[in-house]
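Since the structure comes first, as structure tokens, the remarks are kept for the end.
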Amino acid sequence: MQNECILLDRLQLTASPQDSQVLLFNIFKNGSSDILTEGTTLTRLMHRAQGRAEFHMVMSLLVVLKKFFQISDDLVSVLQGVDNVLIDFNQLVLRLLSQSKITLETYVQFLQQVTEKSSSNSNIVPEDGTIHELTTNALMYLENLLEFADIIGTTLSFTEAGPQATTNTLKYLTTIGQNHAFLENKFGNYLFNAIFALMTNLERKSEVYSEEIRRMIFQMNNIQYILKSIYKTNIHRYLLSQDREAVAKITSILDERKLFYTRCCADILHLRPFPESCGSSSIRRRRVSQFGSVLLASVLSPNLNTNHHKHSITNNEQSQDTMDEHLTKLIVIITLILTLCIPTNGHYSGKYKLVLYTSMCARMLSLPDGNILNRITGLINRSSIDQKERSFLKSLWNDFNNGLNTLTKQHHLISIPDRELKNSLEHQLVRDLVVLYRGFWEKSMSIAFTTNRDKYIKLSVEGFEIRIRNLFNGTSTNSTRQ
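Positions 946 to 1427 (this note's numbering) are the ones given, in order, by the sequence shown.
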């Protein structure tokens, strides 16, 4: 088009500017008509592909928009006065922007709502609790979008600050393209919402597992993969442009899952007996899931507002003691406050160490609060204990031994591909559980509750630590399910 304009100006074939515009229209008509037809066909094909969940097709639209983004200023200049052609191009760009925005927003909804289907192998959660295919595909998709950061920022913002008519769409591309910080922020917000939707879906998918251990491992594997991927692909740079605490919030979700994982292990080992008011393990599991959903939505929300993420309680749960419900709400509030107060280096000092250690270990991890050990302490230094008390201690050790066998079997079914996560979980279990076992072991060794002590107390403290470390020897660190 530029060449035709230059040639026409040199030849001076027209007597007036009006004649030049008519001649240019006749010259541009056929070529522009082909471009407009191809663009219209492209938007129609994208609409169909979106219905088949083929969201990667949006890349084709973004490539075309990127070209218009680059030539918008020159195109407006060349078509100055050729209003019919200029309007057609403005309408085409507007359709491309509109369809791209719809597709991008629909993908976020897809990430949050896609459910498990037994008929589709790609949607079934992996048996070993490793990385879900949706996670790898989503991170790959988001990585491919990085090339079009400014284009997507423009696409997502054009309705709120863009053209009110089809006559200035191309001018809008030229104007908005100069505000890179604004476009980067819009794109970062989109990435943040997509990752939030993915994590919400993964939390819901984990309910497929019947064991709490595999549920927590599945969530942690996927969150760790998300964190590693956003750093590897530089997605984190756009997240931080939108919210300086964005990555820290995702990390806090992983830390919360680690705490619940340790709680699950403590439960299986019966290191802390639960009162009857806590309900069955299935009810506790559902409440942990509800708490996880509330915390996920609240922590990932830029406003950290829990008012919009309330969860209903089933009739069976309503029959349980309401104390647990109040406690869950209290934990949410405390956790959110702690999330806001976490220093960038992840360390605490002074009085906060004591508060964090007490609340997280006693409440979140369900570690012994001293009641059971105090009861055992009362038996020490007594010349004799009755049959009921001996049976009580024997029962505690039987429960522990059976629980340790169960814990070992469950860990043989899981896989932790990321070595950093694996080492972190091993360190956390050793740190928290060995201390509990030591107190239980030392007090039990001081009481003559059986003539065959080795039948019940099968492991020394050092032996127990070895068993805990060996839990992770059977978990894979060499493969990631794609």
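Don't be surprised by glycine CBs; every beta carbon is placed ideally from N, CA and C.
Tell me which same chain residues have a C-beta within less than 7 Å of the C-beta of VAL1003, skipping the five on either side of it?
Closer than 7 Å at Cβ, skipping near neighbours: MET991, SER1045, THR1048 and LEU1049.
Three-state secondary structure (DSSP) at ILE1096?
The answer is helix: DSSP assigns ILE1096 an H, G or I state.
Does the count of Cβ pairs from the segment 1115-1127 and the segment 1153-1172 closer than 8 Å reach three?
In short, these stretches do not touch, since the Cβ pair count stays below three.
According to DSSP, is PHE1330 helix, strand or coil?
The amino acid at residue 1330 is misidentified as Phe; the sequence shows Ile. Three-state DSSP puts ILE1330 in coil, outside helix and strand.
Report the rounded CA-to-CA distance for ASP1331 versus LEU1338, giving the unit in angstroms.
Approximately 11 Å, taken between the alpha carbons.
Mind the definition here: the segment 1074-1091 touches the segment 1131-1151 only if three or more C-beta pairs lie below 8 Å; say whether that holds.
Cβ pair count under 8 Å is three or more, so yes.
For ILE1195, does the three-state DSSP call read helix, strand or coil?
Residue state, collapsed to three classes: helix.
Is the segment 1350-1362 touching the segment 1176-1190, taking contact as three or more C-beta pairs under 8 Å?
No, they do not touch.
Run through DSSP, which three-state label would SER1391 get?
Looking at SER1391 - three-state DSSP - the assignment turns out to be coil, as it is neither helix nor strand.
What is the DSSP secondary structure of PHE1409, counted as helix, strand or coil?
Looking at PHE1409 - three-state DSSP - the assignment turns out to be helix.
My understanding is that PHE1000 touches TYR1086, with C-beta atoms under 8 Å, so please give their C-beta distance in whole angstroms.
Rounded, the Cβ-Cβ distance is 7 Å, consistent with contact.
DSSP state of ALA1139, grouped into three classes?
In the structure shown, ALA1139 sits in a helix (DSSP, three-state: H, G or I).
Measuring straight from C-alpha to C-alpha, what distance separates TYR1382 and THR1100?
Taking the straight line joining both Cα atoms gives about 58 Å.
Can you look up GLY1384 in the DSSP assignment and give me helix, strand or coil?
Residue state, collapsed to three classes: helix.
Rounded to whole angstroms, what's the CA-CA distance from ILE1282 to ILE980? Just pull it up for me.
Unreliable placement is indicated for ILE1282, whose pLDDT of 42 sits below 50; the coordinate value is still reported in the next sentence. Cα-Cα distance, rounded: 56 Å.
Give me the Cα-Cα distance between THR1075 and HIS1372, rounded to the nearest whole angstrom.
The straight-line gap from Cα to Cα measures roughly 20 Å.
Indicate whether MET1165 and ARG1202 have their beta-carbon atoms separated by less than 8 Å.
Yes; because the gap between Cβ atoms is below 8 Å, this pair is in contact.
Taking 8 Å as the limit between beta carbons, can you name the residues of its chain near ARG1335, skipping five residues before and five after?
Answer for ARG1335: PHE1394 and THR1395, listed in chain order.
Buried or exposed: which applies to THR986, given that a residue is buried once 16 or more other Cβ atoms fall within 10 Å of its Cβ?
With fewer than 16 other Cβ atoms within 10 Å, it is exposed.
ASP1363 to LYS1333, Cα distance in whole Å?
Rounded to the nearest angstrom, the two C-alpha atoms are 47 Å apart.
Under 8 Å Cβ to Cβ from ASN1343, same chain only, skipping five residues before and after it: list those, please.
These residues qualify, in order along the chain: TYR1401.
Using the Cα positions of PHE1409 and VAL1379, report the straight-line distance between them to the nearest angstrom.
Those two C-alpha atoms are separated by around 7 Å.
Which residues in the same chain have their Cβ closer than 6 Å to the Cβ of GLY1348, if we skip the five residues on either side of it in sequence?
These residues qualify, in order along the chain: ILE1213, LEU1214 and HIS1215.
Whole angstroms is fine: what's the gap from ASP1095's alpha carbon to ASP1073's?
Cα to Cα, ASP1095 sits roughly 39 Å from ASP1073.
Spatial neighbours of GLY1133 within its chain, please: C-beta separation below 6 Å, excluding the five flanking residues on both sides.
TYR1183, LEU1184, SER1186 and GLN1187, listed in sequence order.
Here's the rule I'm using: 16 or more other beta-carbon atoms within 10 Å means buried, otherwise exposed. How should ASN1146 be labelled?
Under this definition ASN1146 is a buried residue.
Give me the residue from ASN1346, PRO1071 and LYS1177 with the minimum Cα distance to ILE1361.
Nearest option by C-alpha distance: PRO1071.
Taking the CB atoms as reference points, tell me whether THR988 and LEU1041 lie closer together than 8 Å.
Yes, they are a contact pair.
Should SER1017 and LEU1172 be called a contact, given that it needs their Cβ atoms to be closer than 8 Å?
No.
Quick check: what's the CA-CA separation for THR1120 versus THR1178?
Near 29 Å, if we compare the C-alpha coordinates of THR1178 and THR1120.
Taking its Cβ as the centre, do 16 or more other Cβ atoms sit within 10 Å of TYR1052, making it buried, or is it exposed?
Buried, because 16 or more other Cβ atoms sit within 10 Å of the Cβ of TYR1052.
With a cut-off of 8 Å on the beta carbons, I'd call ASN1035 and THR982 a contact; round off their distance for me.
Actually they do not touch by this definition, with Cβ atoms about 16 Å apart.
Using only alpha-carbon positions, find the residue among HIS1181, GLY1122 and ASN1130 that is nearest to LYS1012.
Taking only the C-alpha atoms, the option nearest LYS1012 is GLY1122.
So, using beta-carbon positions, are LEU1084 and SER1174 closer together than 8 Å?
Yes; because the gap between Cβ atoms is below 8 Å, this pair is in contact.
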